[in-house]
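Worksheet: one structure, shown below.
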Amino acid sequence: MIRWLFINRSIRTKIVWSSVLISLIPMLVLSMIFYKSSTQSLENSMFRSSDQNAEYLSGYLDQYFSNISSSALQIYGFERILNLMEHGANYNDADIILLRESIKNYNLLIQNKNKDIIKIMIFGKENKLEDSWSRAASYESVKIDQSIPHYKEMLDLPFQQALMFTYKDATLQQDFFVYSIPIYDPFYRTKFGTLIFYIQSKELGKMIEANNHSPNVIVLQNASGEPFYQTNGQYAEIVPKYEKPEFNSQNNPKDIQFMKKKDLLVGTSHLNYGNIALSIIYPNPELEQNRRNILLTTVVAFIFVMLSISLLSILAQHFITRPIKLLGKAMKAVRKGNFHVSLQQNTNYRDDISELTSNFNFMTDKIRELIESKYEMQLRNKEAQILALQMQINPHFLYNTLQTIGGKAVLIDEYEIHEMCRALGDMFRYSFYEGNVASTIGQELAHVNNYLYIQQLRFEETLQIEFDVAADLMDCAIIRFVMQPIIENVIVHAFSKREEEQSLRIGLSVRREADSVVLTVQDNGPGIDTEKLLALRSSFENKSSDVFYGVSIGLKNVHERIRLVYGAPFGLDIESEMGIGTTIRIRIPYNHNGGDSFVQSNGRG
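Residue numbering for the sequence shown follows this note's numbering, beginning at 6 and increasing consecutively.
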């Protein structure tokens with residue numbers, strides 16, 4: 006993956022990917038921490054709220070059931086009732102009236118402490134019903150028989166254990182809550198009997214729900230783990246089954262243990278000395294929605310931050326890589342041979358990139374200087390070779406030979422051969438002149454005229470020449486062999502592409518412009534296409550070390566010789582249009598002193 010991201014990638018891409026990857030891991034960690042801390046904060050808030058509610062409700066219910074237990078334990082203050090439970094009733098005893106009074110007082114005490122109790126049943130040691138009280142006559146029909154759950158168990162409970170359950174009476178068709186508590190001798194732990202209290206289930210439910218907050222669910226279990234009251238059975242499998250501790254728990258309704266089940270909190274506490282387990286389920290449908298909102302917020306924030314980092318990385322890399330990209334383009338141009346390229350440097354500050362730019366400019370300047378130095382050296386060597394070649398050939402021998410051939414031609418009336426020999430001889434004499442390389446416009450035009458005369462003999466009427474030269478410019482100085490290579494180039498290219506019987510017109514004019522002299526060669530040839538014209542103009546601006554091959558011919562060679570001798574403002578300028586023709590302008594400095602003229606001599610060498 007890392008290789009795919011970075012191998013064969015631009016430095017711009019590498020910078021962006023580096024910034025994104027470096028920021029990715031911290032942002033992921035921070036996002037996870039934010040999500041965990043936010044959800045934990047929500048859960049803690051829910052826990053605190055649930056804990057307060059559970060503390061209040063468990064305290065209230067514990068007090069409620071403790072009142073029932075304490076009411077039952079008040080029987081220890083009624084000795085006659087305890088004696089009744091242990092030995093049974095003796096209706097022949099004179100104290101029977103006092104016993105009835107004690108039972109009545111005990112029943113009133115229980116009724117005053119808990120108005121929800123509708124029936125009290127007193128069983129003796131042998132599980133025989135010794136006495137009962139009902140708040141209404143209809144409750145007299147409630148009996149303890151096999152139709153009641155825990156029929157035998159409720160009358161034989163161990164010491165300090167109570168039993169609570171609910172059932173529906175078949176006779177009255179009412180739901181009752183039954184509270185059974187054994188009465189033991191606290192010292193010898195021998196059983197006196199059992200007290201059973203009845204409460205309507207609906208009254209118990211009203212009392213519980215009056216202190217509950219919807220949508221919380223309350224589940225009450227007895228010591229056997231049997232639910233005897235629950236708000237609804239929706240979370241029945243969530244609530245753990247209650248198992249009474251081995252030792253009786255000292256009631257502490259504040260000691261609430263919570264367990265997490267998905268999006269629920271389940272709080273469990275012991276009531277009535279561990280005989281009852283209170284479980285409160287706190288469903289929070291908003292918790293999952295809040296979690297999703299936090300997750301969505303975290304993801305959106307993460308994406309926004311990563312996009313911001315990516316955007317800032319792209320902007321930052323623009324300032325970093327732009328100079329490097331410009332440097333790379335400049336290097337490509339240098340590789341293609343353009344040593345005139347130069348990079349702009351920022352003078353307001355200096356950094357590593359500006360140092361590279363400065364060194365690159367210095368390098369290209371040095372290379373250009375070396376190339377120009379080598380170029381000038383080769384140019385001078387070439388001129389020296391030309392001069393050496395001229396010295397090797399005896400111009401007088403060539404000229405005298407051509408004169409002899411011309412004289413022979415006159416004898417046989419071949420005057421055209423005589424003129425051709427004369428023109429060619431003058432061209433040789435101009436070429437092999439051993440003096441200064443400078444000449445005059447008049448001498449250069451004479452040399453061109455001899456060349457054109459020979460070409461007209463070759464092409465006859467298809468070649469037309471026009472001269473337009475001011476007389477006062479004939480003595481202006483010019484280097485040799487400027488016009489003739491250009492005229493030759495026109496004839497070679499124009500005649501190779503012309504149609505049959507189409508004549509080629511070449512116009513040659515010389516004009517003065519301020520301190521310059523402009524020699525113009527204009528033709529009606531096929532012209533040069535735009536791409537080649539642009540390439541030719543571009544080549545005029547780039548010097549190379551291999552511009553000469555053989556004699557100094559060609560437009561580029563003429564242009565560079567003029568630049569070498571006269572300087573940068575001078576040289577060739579070309580305009581051309583396909584199907585119209587080509588115009589070449591040669592600009593040289595105006596110098597009326599003339600060059601080193603050579604004497605045209607007809608004498609023999």
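Ideal placement from N, C-alpha and C gives every residue a C-beta, glycine not left out.
For residue i, does the count of other Cβ atoms within 10 angstroms reach 16, so buried, or fall short, so exposed?
{"i": "I127", "result": "buried"}
{"i": "S46", "result": "exposed"}
{"i": "Y287", "result": "buried"}
{"i": "H218", "result": "exposed"}
{"i": "T587", "result": "buried"}
{"i": "I102", "result": "exposed"}
{"i": "A167", "result": "buried"}
{"i": "A282", "result": "buried"}
{"i": "S543", "result": "exposed"}
{"i": "I3", "result": "Nothing about residue 3 can be reported from this structure: the residues present for the chain run from 6 to 610 only."}
{"i": "T171", "result": "buried"}
{"i": "H92", "result": "exposed"}
{"i": "N221", "result": "buried"}
{"i": "L89", "result": "buried"}
{"i": "S581", "result": "buried"}
{"i": "G430", "result": "buried"}
Identify whether residue i lies in helix, strand or coil by the three-state DSSP scheme.
{"i": "P594", "result": "strand"}
{"i": "V25", "result": "helix"}
{"i": "P163", "result": "coil"}
{"i": "S508", "result": "coil"}
{"i": "R340", "result": "helix"}
{"i": "E419", "result": "coil"}
{"i": "S75", "result": "helix"}
{"i": "T195", "result": "coil"}
{"i": "E248", "result": "coil"}
{"i": "K1", "result": "Here the chain has residues from 6 to 610 only, and residue 1 is not among them."}
{"i": "M126", "result": "strand"}
{"i": "A141", "result": "coil"}
{"i": "D611", "result": "Past the edges of the chain, shown from 6 to 610, lies residue 611, and the structure says nothing about it."}
{"i": "G230", "result": "coil"}
{"i": "Q179", "result": "strand"}
{"i": "Q235", "result": "strand"}
{"i": "L348", "result": "coil"}
So, for residue i: in the same chain, excluding its five sequence neighbours on each side, which residues have a beta-carbon less than 6 Å away from its beta-carbon?
{"i": "S107", "result": "F83, R85 and I86"}
{"i": "I558", "result": "Legend: pLDDT at I558 = 42, less than 50; position of this residue unreliable, value from coordinates given subsequently. Taken in chain order, the residues that qualify are P490."}
{"i": "Y458", "result": "A428"}
{"i": "V523", "result": "R516, R590 and R592"}
{"i": "K173", "result": "D180"}
{"i": "F472", "result": "L513"}
Cα-Cα, which of the options is closest to residue i?
{"i": "M159", "options": "N227, F192, H92 and D190", "result": "N227"}
{"i": "Y156", "options": "S146, W138 and N132", "result": "N132"}
{"i": "I372", "options": "L361, S347, S359 and E360", "result": "S347"}
{"i": "A476", "options": "L450, E465 and K537", "result": "L450"}
{"i": "M169", "options": "Q178, T176 and I186", "result": "I186"}
{"i": "S284", "options": "R485, S63, F182 and A338", "result": "S63"}
{"i": "G129", "options": "Y189, Y65, R140 and Q151", "result": "Y189"}
{"i": "K41", "options": "G447, T587, E419 and N298", "result": "N298"}
{"i": "L276", "options": "F70, S508 and L509", "result": "F70"}
{"i": "A175", "options": "K341, T535, M336 and P154", "result": "P154"}
{"i": "L66", "options": "L225, I579 and S54", "result": "L225"}
{"i": "L78", "options": "G93, T535, N455 and G198", "result": "G198"}
{"i": "V25", "options": "T467, L416 and I319", "result": "I319"}
{"i": "Q294", "options": "S43, Y111, Q116 and P574", "result": "S43"}
{"i": "P191", "options": "A335, P163 and K207", "result": "P163"}
Just to confirm my understanding: we take residue i, look at its own chain, exclude 5 residues before and 5 after, and list those with CB closer than 7 Å. What are they?
{"i": "V563", "result": "V487, P490, I491 and L577"}
{"i": "Y595", "result": "C481, R517, D520, S521 and V522"}
{"i": "T195", "result": "Y189"}
{"i": "T369", "result": "V339, F344, V346 and S347"}
{"i": "I243", "result": "K266, L269, V271 and I286"}
{"i": "M479", "result": "T445, I446 and G447"}
{"i": "S152", "result": "A175"}
{"i": "G230", "result": "K246, Y247 and E248"}
Kindly list the residues whose CB is nearer than 8 Å to the CB of residue i, restricted to its own chain and excluding five residues on each side of it in sequence; keep chain order.
{"i": "I585", "result": "N529 and G532"}
{"i": "L539", "result": "none"}
{"i": "Q205", "result": "D121, I123, Q179, D180, F181 and F182"}
{"i": "G210", "result": "Y234"}
{"i": "Q469", "result": "S508, L509, R510 and I511"}
Check whether chain B comes within 9 Å of residue i, counting only Cβ atoms and requiring the distance to be less than that.
{"i": "K249", "result": "Considering every chain present, this structure includes no chain B. It has just one protein chain."}
Hey, would you say the C-beta of residue i is under 8 Å away from at least one heavy atom of the ligand MG?
{"i": "R427", "result": "Ligands in the displayed structure: none, and consequently the ligand MG is not present."}
The stretch 70-77 in contact with the stretch 234-252 per 3-pair CB rule at 8 Å: Result no; under three Cβ-Cβ pairs closer than 8 Å.
Is the stretch 524-543 touching the stretch 485-503, taking contact as three or more C-beta pairs under 8 Å? Yes: at least three Cβ pairs fall under 8 Å.
May I ask you to verify whether the stretch 303-316 touches the stretch 25-44, counting CB pairs closer than 8 Å and requiring at least 3? yes
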